[in-house]
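Q: Provided herewith is a single structure, encoded as C-alpha cells, for subsequent inquiry.
There are 2 protein chains.
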Amino acid sequence: MTRVLAAEATWTGARFERGVRITLGDDGRIAAVGREAVADEVRLDGRALLPGFVNAHSHAFQRGLRGKGEHFPAGAGSFWTWREAMYALVAELDAERMYELVLAAYREMLAAGITTVGEFHYLHHGPPADADAAGEGDFALDDVVLRAAKDAGIRLVLLQAYYAQGGIGKPLSAAQRRFRTASPEVYWRQFDRLAERLDPATQTLGCVVHSVRAATPDELAAVASEARRRGLVLHMHLEEQRLELEDCRAAYGRGPTELALERGAVDERFTSVHATHTSRAAAERLFSAGATVCICPTTEANLGDGIAALHEFDDVAGGAARLALGTDSNARISMLEELRWLEYVQRLARERRGVLRAAESEAGDVAGRLLAIATAGGARALGVAAGILAPGSLADFVSVDLTAPALAGVDVDDLAAALAFGCGDEVLVETHVGGRRVAGGARLENAGAVAR
Amino acid sequence: MTRVLAAEATWTGARFERGVRITLGDDGRIAAVGREAVADEVRLDGRALLPGFVNAHSHAFQRGLRGKGEHFPAGAGSFWTWREAMYALVAELDAERMYELVLAAYREMLAAGITTVGEFHYLHHGPPADADAAGEGDFALDDVVLRAAKDAGIRLVLLQAYYAQGGIGKPLSAAQRRFRTASPEVYWRQFDRLAERLDPATQTLGCVVHSVRAATPDELAAVASEARRRGLVLHMHLEEQRLELEDCRAAYGRGPTELALERGAVDERFTSVHATHTSRAAAERLFSAGATVCICPTTEANLGDGIAALHEFDDVAGGAARLALGTDSNARISMLEELRWLEYVQRLARERRGVLRAAESEAGDVAGRLLAIATAGGARALGVAAGILAPGSLADFVSVDLTAPALAGVDVDDLAAALAFGCGDEVLVETHVGGRRVAGGARLENAGAVAR
Numbered sequence: 000m001t002r003v004l005a006a007e008a009t010w011t012g013a014r015f016e017r018g019v020r021i022t023l024g025d026d027g028r029i030a031a032v033g034r035e036a037v038a039d040e041v042r043l044d045g046r047a048l049l050p051g052f053v054n055a056h057s058h059a060f061q062r063g064l065r066g067k068g069e070h071f072p073a074g075a076g077s078f079w080t081w082r083e084a085m086y087a088l089v090a091e092l093d094a095e096r097m098y099e100l101v102l103a104a105y106r107e108m109l110a111a112g113i114t115t116v117g118e119f120h121y122l123h124h125g126p127p128a129d130a131d132a133a134g135e136g137d138f139a140l141d142d143v144v145l146r147a148a149k150d151a152g153i154r155l156v157l158l159q160a161y162y163a164q165g166g167i168g169k170p171l172s173a174a175q176r177r178f179r180t181a182s183p184e185v186y187w188r189q190f191d192r193l194a195e196r197l198d199p200a201t202q203t204l205g206c207v208v209h210s211v212r213a214a215t216p217d218e219l220a221a222v223a224s225e226a227r228r229r230g231l232v233l234h235m236h237l238e239e240q241r242l243e244l245e246d247c248r249a250a251y252g253r254g255p256t257e258l259a260l261e262r263g264a265v266d267e268r269f270t271s272v273h274a275t276h277t278s279r280a281a282a283e284r285l286f287s288a289g290a291t292v293c294i295c296p297t298t299e300a301n302l303g304d305g306i307a308a309l310h311e312f313d314d315v316a317g318g319a320a321r322l323a324l325g326t327d328s329n330a331r332i333s334m335l336e337e338l339r340w341l342e343y344v345q346r347l348a349r350e351r352r353g354v355l356r357a358a359e360s361e362a363g364d365v366a367g368r369l370l371a372i373a374t375a376g377g378a379r380a381l382g383v384a385a386g387i388l389a390p391g392s393l394a395d396f397v398s399v400d401l402t403a404p405a406l407a408g409v410d411v412d413d414l415a416a417a418l419a420f421g422c423g424d425e426v427l428v429e430t431h432v433g434g435r436r437v438a439g440g441a442r443l444e445n446a447g448a449v450a451r
Numbered sequence: 000m001t002r003v004l005a006a007e008a009t010w011t012g013a014r015f016e017r018g019v020r021i022t023l024g025d026d027g028r029i030a031a032v033g034r035e036a037v038a039d040e041v042r043l044d045g046r047a048l049l050p051g052f053v054n055a056h057s058h059a060f061q062r063g064l065r066g067k068g069e070h071f072p073a074g075a076g077s078f079w080t081w082r083e084a085m086y087a088l089v090a091e092l093d094a095e096r097m098y099e100l101v102l103a104a105y106r107e108m109l110a111a112g113i114t115t116v117g118e119f120h121y122l123h124h125g126p127p128a129d130a131d132a133a134g135e136g137d138f139a140l141d142d143v144v145l146r147a148a149k150d151a152g153i154r155l156v157l158l159q160a161y162y163a164q165g166g167i168g169k170p171l172s173a174a175q176r177r178f179r180t181a182s183p184e185v186y187w188r189q190f191d192r193l194a195e196r197l198d199p200a201t202q203t204l205g206c207v208v209h210s211v212r213a214a215t216p217d218e219l220a221a222v223a224s225e226a227r228r229r230g231l232v233l234h235m236h237l238e239e240q241r242l243e244l245e246d247c248r249a250a251y252g253r254g255p256t257e258l259a260l261e262r263g264a265v266d267e268r269f270t271s272v273h274a275t276h277t278s279r280a281a282a283e284r285l286f287s288a289g290a291t292v293c294i295c296p297t298t299e300a301n302l303g304d305g306i307a308a309l310h311e312f313d314d315v316a317g318g319a320a321r322l323a324l325g326t327d328s329n330a331r332i333s334m335l336e337e338l339r340w341l342e343y344v345q346r347l348a349r350e351r352r353g354v355l356r357a358a359e360s361e362a363g364d365v366a367g368r369l370l371a372i373a374t375a376g377g378a379r380a381l382g383v384a385a386g387i388l389a390p391g392s393l394a395d396f397v398s399v400d401l402t403a404p405a406l407a408g409v410d411v412d413d414l415a416a417a418l419a420f421g422c423g424d425e426v427l428v429e430t431h432v433g434g435r436r437v438a439g440g441a442r443l444e445n446a447g448a449v450a451r
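Protein chains in written order, with numbering that gives the first Met the number 0: chain C, 0 to 451; chain P, 0 to 451.
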C-alpha cells in the first residue's frame, strides 16, 4: 500500500517547496522523495507537509500542575518553591493518575503537531507503599509511560533517568525516593528490562543523568561510559538555575557543564538541557564536542530561569550550533509558541532582530532555522530517524492547512516565517506517526482511499 | 428577548466563580448579574464566560506583512529596516486591498476572543493619485476601516491619528504622505466627518498623536487640548525605540514622555503605547496622572524593542498601575499569548516568578491580573463600557470550552491560571459582540432558542 503525497508545499529541510512528492512505504517510513508526478498520487491542495515536531524534553506528569503554583503571596516565587508544588503532585500520584496525565499530555502534543517525545523520566516508582516493598523500588511508572505513549499513538524516546541523591552530598527526601535508582547496576538492570517491553515500531530508549544534584561525579562517569559503549543518547539538566552552579562550584571546584565535560559525558550524542547560565567558554566546548543544547522557552519563562546568552556563542550566532526544543513542564503544549519565543526572547534581550540566523542562508533566514531546530534538531538529540522528510526516514509528519485564516494570503516563499511567527496550533490539522493518522481530521486518509 | 446565561464558571472581574447568572438585555448590554437560578435560564455546562478581550493597540493593515520582513542578510535587522518593509506594503495598498487585510485581521481577532479593537489608524489616504487629487488627501481609508469592522462584526474604537511630519523637523517622505493630516484644523474636520459615519451600536472615535516624530510639540498640545475638551481618549506611541528618545532629547532637551507630560497630553484618558524605554521617574508621573501603559508583547519581541523595566515601577509592582495589551503589528493575533508573555518576559529578565501580582490579592494572584489587563484594562484605555460582565456593560463576551483537552482536569479555582498560561485560542469557542454571535460555534444561541 504505497501512497504518494503531492501537497501544495513540502518542507525539504530548510524551507517549503512546491512540486515535491513524498512516497510513503508500507513499513512506516518514507520510501522516496521526488518531483515526478505520479498517476495515482494523492493531491493535497491547500495543504503543506511538515515533519512532525520533535519534543526533545518533556516531563509529561507535570501536566497535572497546569493552573497550579501560580500564586505568589508576599512576593515569594522561585524555581525552588515551584519544585515544592511539583513534589506535592508527585506525592499523590499513583499509577492510574500517572497514566491519565501522561496520556493527556501526549494527546495534546499530537494535536500540536508533535510526533516524537523525549520523555525525561525520573518518577519511576509507585506510591511509597509499593516503592518500599521492593528494596530497589518497583519501577512501575516506567511501564505506565510506555503504555500511555502507545495508547496515545506518539513516538517515544524514553529517556530513563539516573537519580541517586537529593542534592550534592544529600540523601533523597521522602518525595525524591520515588525517583531513585540505587546504583548504576540497578539502573542498567531496569534499563535492560525496559528494552524488552518497548513497542518496536514506535519506542526506543535513551539515557539520562538527572543533574549534578542527583548523581555523584563517579556515577555520572559510570553511566556516561556505559551509555557511550551502547551508542545511546545521554541527556542531562545543566545550569538552569544559578544556585546549581554555586553549589556545584562549592562542592567540586567547577561548574556543572565543566564537570560533565571532564567526566566524559559530552560527545555528539549528549544534550545539555537548558544551559541557561552556561558561560561562553563552557558553551563553546559543548558545541565543539558536537553536543546539543535543548532550550525550553515557555517553561524557562514560567520558572523565571533567566535568558541564555545564545547570541554570544559563536556557534549559535553563526548558525552551526546544535539546538533542540522541549515543552518540559507541559504547562503549555505548543511547539509553534516554543520556537518563536526561542528567537523572540533573544531579540528582546539583545534589542535586535534576526539573532538565530541559519548558517547556510545567505538571505539570513531565521524561521527556517527555527523550524529545523523544532524538527531535525530534536530528532538528532533523541537519536531517531525523524524530523526530516527524506528516503528512509520515519513517516512522521503533520499537515498544515494553508486555507486557515492565519495563513490566508501567505505565499509559499513566506510560509515558514508565517508559520513560525504568525500561527497557532489550529493550522496543524492532521498528525501522522509512522504513516498512521493519530490526530486531527481524516482528509489525507480519505484522499488516499479514494485514489486507490 | 431576555436571556439568562448560567455558565459553569463566570468571570467576575478578578476571578472565575461558579453559580453566576448573566442576564442579557435586548439593547446589546448586560441587564443584570446575579446568583438566583431562573426557570428558563440557559445552562452552559462545560463552558465558562469571560468578557471579550479588548485589543488596545492595532494596526490592522500590517496583517499584510505576516511572513515578510523576517530575513536578515548580513546581520541587518532592526526596527527601522522593518519599517521600510512596512512602507513598501503601504505603497502598494489601495482601498480594496486595505479592506481585505483589515477584514482578515478583525476576523482573526474575533476567533481569538477579541471583541473590541482600538485601531491606531494613520494610513488615511488612498494611493498617491487619489491622495494628491485633494489637497488635504482623500481620507478614503478611514471609511474602509469602519466598513471592514462593521462587516467583521467587531466593536471598533477608531483611534484617528494626527501625523504631520516625517520625523522631528523633517518633511513627510513619499510613503508617509498617505498618513498626513495637514494641520489640527484638517484633522478635526475629518474627525467630525467620521463621527457621522460610525455605526452607533459598535463604533466610537478616539484621538491619537502618532508620536513625537510625527507632530511638533505645539501640534501635540493643540490636539491634546481639544481631545480633553471633547472628553476623548488620547493615545500616543512613546519610547519604543532608544533612537526616538535620543532624537527627542537632542531636539527638545527632554524625552518623549516628559514632552507629553509638559504639553498637557497626560491624564486618566491618556495611553502611552509601548513605554519600553521609559524611565522610572517618567513612568511614575504617567501612572500618578492616571494614564495607561499599553504593552504589545509579541510585536515588541518581533521588533527587538527591548524589555520595559515594569518591575521597577512601584505602581506596576504594587498592582495599581493601569496596563493594557495590544496586538499591534498583528504578525500574530492571540491575546492569550500576549498576556502570558507580558508576565513571562518580566520573569525571564528578572529571574523571578510572579512579577505582575494583583494589588488586591493577598494570595499574590498573577493570572487574574493578566486577564483583567486584557479585558478591563483595554476597555479603560479605549473608553468603552466593556471588559467586565456587569449591569450596564456591553454584552461582549467569549465562551471558554472547559472540556477542551488543554483544560481537562482543571478546577474552577485554577481556571484563570490554566487559561492564562496553559491554553491556545482553540479553547475560545464562541464570541459575542453586543449580545450577537460573531465567531465560533452556535451552542449558546441554540441553547437560547431551545429554552424559549
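Cβ coordinates follow ideal geometry from the N, Cα and C atoms, glycine included.
Give the range of the alpha helix (DSSP H) segment to which residue 295 of chain P is assigned.
A: It is not in any alpha helix (DSSP H) - residue 295 of chain P carries neither H nor E in the DSSP assignment.
Q: With H, G and I counted as helix, E and B as strand and the rest as coil, what does DSSP make of residue 449 of chain C?
A: Caution is warranted here: a pLDDT of 34 is assigned to residue 449 of chain C, below 50, making its placement in the model unreliable, and the coordinate value is therefore given only provisionally. Three-state DSSP puts residue 449 of chain C in a helix.
Q: Give the DSSP bridge partners of residue 15 of chain C, in chain order.
A: C/10
Q: Assign residue 202 of chain P to one of three DSSP states: helix, strand, or coil.
A: strand
Q: Grab the span of the alpha helix (DSSP H) containing residue 182 of chain P for me, first residue to last.
A: Here residue 182 of chain P belongs to no alpha helix (DSSP H), and DSSP marks it neither H nor E.
Q: Could you please give the first and the last residue of the uninterrupted alpha helix (DSSP H) stretch that includes residue 312 of chain P?
A: Here residue 312 of chain P belongs to no alpha helix (DSSP H), and DSSP marks it neither H nor E.
Q: Buried or exposed: residue 126 of chain P, going by 16 or more other Cβ atoms within 10 Å of its Cβ?
A: buried
Q: Is the separation between the beta-carbon of residue 205 of chain C and that of residue 237 of chain C shorter than 7 Å?
A: no
Q: If we call anything under 7 Å between Cβ atoms a contact, is residue 454 of chain P one with residue 105 of chain P?
A: The structure shown does not extend to residue 454 of chain P, since chain P spans only 0 to 451, so no value can be given for it.
Q: State yes or no: is the C-beta of residue 426 of chain P within less than 7 Å of the C-beta of residue 400 of chain P?
A: Between residue 426 of chain P and residue 400 of chain P, the gap from beta carbon to beta carbon is short of 7 Å.
Q: In chain P, which residues lie less than 8 Å from residue 425 of chain C when you measure between Cβ atoms?
A: In chain order: 423, 424, 425.
Q: Which residue or residues does DSSP assign as beta-bridge partners of residue 118 of chain P?
A: P/57, P/157
Q: When the distance is taken between beta carbons, is residue 357 of chain P closer than 7 Å to residue 368 of chain P?
A: It is a contact, given that the beta carbons lie within the stated cut-off.
Q: Flag residue 108 of chain P as yes when its Cβ comes closer than 6 Å to any non-hydrogen atom of the ligand GDP, and as no otherwise.
A: The model on display carries no ligand, and the ligand GDP is accordingly not part of it.
Q: Starting from the C-beta of residue 132 of chain C, find all residues in its chain whose C-beta is less than 8 Å away, skip the five residues before and the five after it, and write them out in chain order.
A: Legend: pLDDT at residue 132 of chain C = 49, less than 50; position of this residue unreliable, no value from coordinates given.
Q: At 3 residues or longer, and completely inside the segment 303–372 of chain C: list those beta strand (DSSP E) runs for me, N to C.
A: Uninterrupted beta strand (DSSP E) stretches at least 3 residues long and entirely within the segment 303–372 of chain C occur at 321–324, given in chain order.
Q: From what residue to what residue does the beta strand (DSSP E) around residue 233 of chain C run?
A: In the DSSP annotation of this structure, the continuous segment of the beta strand (DSSP E) that includes residue 233 of chain C starts and ends at 233–237.
Q: Can you tell me whether residue 406 of chain P is buried or exposed? The criterion is at least 16 other CB atoms within 10 Å of its CB, across all chains shown.
A: With 16 or more Cβ atoms within 10 Å of its Cβ, residue 406 of chain P is classed as buried.
Q: Can you tell me which of P/150, P/67, P/96, P/217 puts its alpha carbon nearest to the alpha carbon of residue 83 of chain P?
A: For residue 83 of chain P, the closest C-alpha among the options P/150, P/67, P/96, P/217 is that of P/67.
Q: DSSP three-state call for residue 438 of chain C: helix, strand or coil?
A: strand
Q: State buried or exposed for residue 59 of chain P, treating a residue as buried only when at least 16 other CB atoms are found within 10 Å of its CB.
A: buried
Q: Rounded to a whole number of angstroms, what is the C-alpha to C-alpha distance between residue 4 of chain P and residue 39 of chain P?
A: 10 Å
Q: Is it the case that the Cβ atoms of residue 306 of chain P and residue 344 of chain P are separated by a distance below 7 Å?
A: yes
Q: Under 9 Å, CB to CB, which of the residues in the segment 96–114 of chain P have a partner in chain C?
A: 99, 100, 103, 106, 107, 110, 111
Q: When DSSP labels each residue in this structure, what does residue 211 of chain P get in the three-state scheme?
A: coil
Q: So residue 346 of chain P packs on residue 420 of chain P, CB below 8 Å; how close in whole Å?
A: About 11 Å; that fails the 8 Å criterion.
Q: For residue 439 of chain C, I'd like the list of residues in its chain whose CB is within less than 6 Å of its CB, leaving aside the five on either flank, ordered along the chain.
A: 428, 429, 430
Q: Take the Cβ of residue 398 of chain P as the centre, count every other Cβ of all protein chains shown within 10 Å, and call the residue buried at 16 or more, exposed below.
A: buried
Q: Run down chain P in chain order and give the residues with a C-beta less than 8 Å from the C-beta of residue 67 of chain C.
A: 413, 416
Q: List the residues of chain C that residue 365 of chain P touches, going by C-beta distances under 7 Å, in chain order.
A: 69, 71
Q: Helix, strand or coil for residue 32 of chain P, going by three-state DSSP, please let me know.
A: strand
Q: Quick check on the burial criterion: 16 or more other C-beta atoms within 10 angstroms. Buried or exposed for residue 95 of chain P?
A: exposed
Q: With 16 as the cutoff for other CB atoms within 10 Å, does residue 330 of chain C come out buried or exposed?
A: buried
Q: Considering only residues of the same chain and omitting the five flanking positions on each side of residue 90 of chain P, which have a CB-CB separation below 7 Å?
A: 174
Q: Consult DSSP for residue 374 of chain C and reduce its assignment to one of helix, strand or coil.
A: Here residue 374 of chain C carries a helix assignment [DSSP, helix/strand/coil].
Q: If residue 56 of chain P sits next to residue 325 of chain P, beta carbons under 8 Å apart, how far is it from one beta carbon to the other, in whole angstroms?
A: Residue 56 of chain P to residue 325 of chain P, Cβ: 3 Å. Contact.
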